[in-house]
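Residue numbers (this note's numbering): 136 to 280.
Cβ coordinates follow ideal geometry from the N, Cα and C atoms, glycine included.
Since the structure is predicted, the reported quantities are computational estimates derived from the model, not experimental observations.
A short worksheet on the structure shown next.
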């Protein structure tokens, strides 16, 4: 059973504001947009990130350890009993610090490299889902554990 401290919607927004303040100093001069797409199950995670520049080129970007830690705190704080937590998100940041984020709790995140059965078991230990709230793709991954 998960025992994560729940974050209220206001606390979730505060955590996102903290994340944004952590990220802003890491962006290159003149950046136009940062897009961060993350998929995760248990200990398995995949990130696709890019910083758009004024000339239209896209540069790579990497999480600071603190930004990653805060995203994990957000994930834990958004756990809902029986429903689990999000397994994917897309965070978009525009100057001077406007952000948006979308979450995916139920749809198959379509990993580039499949998570292991142990990752599904870990996910279910960390963020338990009730049988009726378990998507087929998750149930299949968990059955192999």
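Every unbroken stretch of the alpha helix (DSSP H) spanning 4 or more residues and falling wholly within the segment 142 to 195 is given here in chain order: 144 to 158. Here the C-alpha atom of residue 239 lies approximately 11 Å from the C-alpha atom of residue 210. The alpha-carbon of residue 233 is positioned some 12 Å away from that of residue 158. Residue 230 and residue 217 have their C-alpha atoms some 37 Å from each other. Cα atoms of residue 146 and residue 140: separation of roughly 11 Å, rounded to the nearest angstrom. As the crow flies, the alpha-carbon of residue 185 is around 26 Å from that of residue 254.
Per the coordinates, the alpha-carbon of residue 204 lies some 26 Å from the alpha-carbon of residue 165.
Residue 173 and residue 223 do touch by the CB rule: their CB atoms are close to 7 Å apart, below 8 Å. Taken through DSSP and simplified to helix, strand or coil, residue 219 comes out as strand. If you ignore the 5 residues before and after residue 259, its C-beta comes within less than 7 Å of the C-beta of 277, all in its own chain and listed in chain order.
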